[in-house]
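Written below as structure tokens is the structure these notes are about.
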Amino acid sequence: MPRTSVITGAASGIGKATKDLLEQRGERVIGVDLHDAEVVADLSTAEGRAGLVDAVRKVSGGRIDAIYAVAGLAIPAPATVAVNFFGTVASVDGLRPLLAGSEAPRAVVVSSMAALMASDDELVALLTAGDEPGSVARAGVLAKEPATTGGLIYSSTKLALSRWVRRQASTAAWAGAAIPLNAVAPGVIATPMTAELIDTEEEREALLKMVPMPLNGIAEPIVVARLLAWLNSAENTHLCGQIVYVDGGSDAVLRGDSVW
Numbered sequence: 001m002p003r004t005s006v007i008t009g010a011a012s013g014i015g016k017a018t019k020d021l022l023e024q025r026g027e028r029v030i031g032v033d034l035h036d037a038e039v040v041a042d043l044s045t046a047e048g049r050a051g052l053v054d055a056v057r058k059v060s061g062g063r064i065d066a067i068y069a070v071a072g073l074a075i076p077a078p079a080t081v082a083v084n085f086f087g088t089v090a091s092v093d094g095l096r097p098l099l100a101g102s103e104a105p106r107a108v109v110v111s112s113m114a115a116l117m118a119s120d121d122e123l124v125a126l127l128t129a130g131d132e133p134g135s136v137a138r139a140g141v142l143a144k145e146p147a148t149t150g151g152l153i154y155s156s157t158k159l160a161l162s163r164w165v166r167r168q169a170s171t172a173a174w175a176g177a178a179i180p181l182n183a184v185a186p187g188v189i190a191t192p193m194t195a196e197l198i199d200t201e202e203e204r205e206a207l208l209k210m211v212p213m214p215l216n217g218i219a220e221p222i223v224v225a226r227l228l229a230w231l232n233s234a235e236n237t238h239l240c241g242q243i244v245y246v247d248g249g250s251d252a253v254l255r256g257d258s259v260w
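Heads up, the final residue of the sequence shown is numbered 260 in full-length UniProt numbering, and it's a clean run with no missing numbers.
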């Protein structure tokens, strides 16, 4: 039987590239997004997250093989906290029971190399503690100065998400249930999210000074999609809790000998 996968953020960017790739390979894909998707859900709200799980359970018949948590925001606003961390965690946790009937259950989330950049310690701590009201309130404070502190919201959500994967992957709920849980951390990818940042050659050069990508520069979404597809394939039996940087070398340049 073809595998059935759920992809959040399936209407554009990395999510759409992943959906297209899997469908080309003959998989059944249940796309989730705010629009242009089989399941329409707003992951910034508790109602939307619950609705996502209910809808996927209904259209899948109660069984899926893989979860791709791709949906995310990069705006300097509290909504980025709600979607990037709490929406992602709720999606993955909520859909996990539907993996029980799969012969090769898999889950992967999209973090970012931005997790290596400056972040807000207070927000990261609140996210790690699972305090959504507190996290949203802290993001509201940071968002008041978008030019100086607003950017810390995105990097903080991705750092907390990477840590969540590291801490959860080896637990009974995941590894104990034979479900590899991993994350990818893309560098600069040419998607609608980054379009305004790479519109001109000058802007691209300025961004690559912050996010060095010596190997082939800015990537297309399909580059990440191929990695996601392998991580959630039946071939991946032992990768557990890894944050795989698909960033043209940013991690190696910025962290050098450090491995975490």
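Beta carbons: idealized from backbone N, C-alpha and C, even for Gly.
Go to A185, then tell me how far its beta strand (DSSP E) extends in each direction, as first and last residue. L181 to P186
Quick check: the segment 69 to 83 against the segment 131 to 144, are at least 3 beta-carbon pairs closer than 8 angstroms? yes
Restricting to Cα atoms, I'd like to know which of V83, S170, R49 and G15 is closest to T157. V83
Complete runs of the alpha helix (DSSP H) confined to the segment 148 to 198 [at least 4 residues]: 151 to 168
Would you check if there are 3 or more beta carbon pairs closer than 8 angstroms linking the segment 169 to 179 to the segment 111 to 127? no
Proximity below 8 angstroms, CB of V244 to CB of A185: yes
From F86, G101 and A118, residue whose alpha carbon lies closest to that of S135: F86
Residue burial classification, T148 (beta-carbon count within 10 angstroms, cutoff 16): exposed
Taking the alpha-carbon of L73 as reference, which of G15, L207 and R28 has the nearest alpha-carbon? G15
A195 to E203, Cα distance in whole Å? 10 angstroms
When the Cα of T88 is compared with those of A41, L22, G13 and I189, which residue comes out closest? A41
Which residues share a DSSP beta bridge with G31? I7
Tell me whether W164 is buried or exposed, calling it buried when 16 or more other Cβ atoms sit within 10 Å of its Cβ. buried
Using the C-alpha atoms, what's the distance from V39 back to A55? 7 angstroms
Measuring straight from C-alpha to C-alpha, what distance separates L123 and I153? 8 angstroms
What is the DSSP secondary structure of V211, counted as helix, strand or coil? coil
Report all residues from its chain with a CB closer than 6 angstroms to the CB of S12; omit the five preceding and five following residues, and keep chain order. P192
If you follow the alpha helix (DSSP H) that R226 is in, where does it begin and where does it stop? P221 to L231
Which whole-angstrom value is the C-beta distance of A219 and G187, which I expect to be below 8 angstroms? 7 angstroms
Looking at G94 and L52, is the spacing between their C-beta atoms short of 8 angstroms? yes
Going by DSSP, which residues form a beta bridge with I243? A183
Taking the alpha carbon of residue 271 as the reference point, which residue from A183, A178 and G150 has its own alpha carbon closest? In the structure as shown, the chain starts at 1 and stops at 260, and residue 271 therefore has no counterpart that could be examined.
Limits of the beta strand (DSSP E) - the one that I67 falls within: A66 to A69
For D33 versus A10, is the C-beta distance shorter than 8 angstroms? yes
Identify the residues that DSSP records as bridge partners of R106: which are they? A66
Does DSSP put V39 in a helix, a strand or coil? strand
Could you give the distance in angstroms between the alpha-carbon of V224 and the alpha-carbon of T18? 8 angstroms
Quick check on the burial criterion: 16 or more other C-beta atoms within 10 angstroms. Buried or exposed for M113? buried
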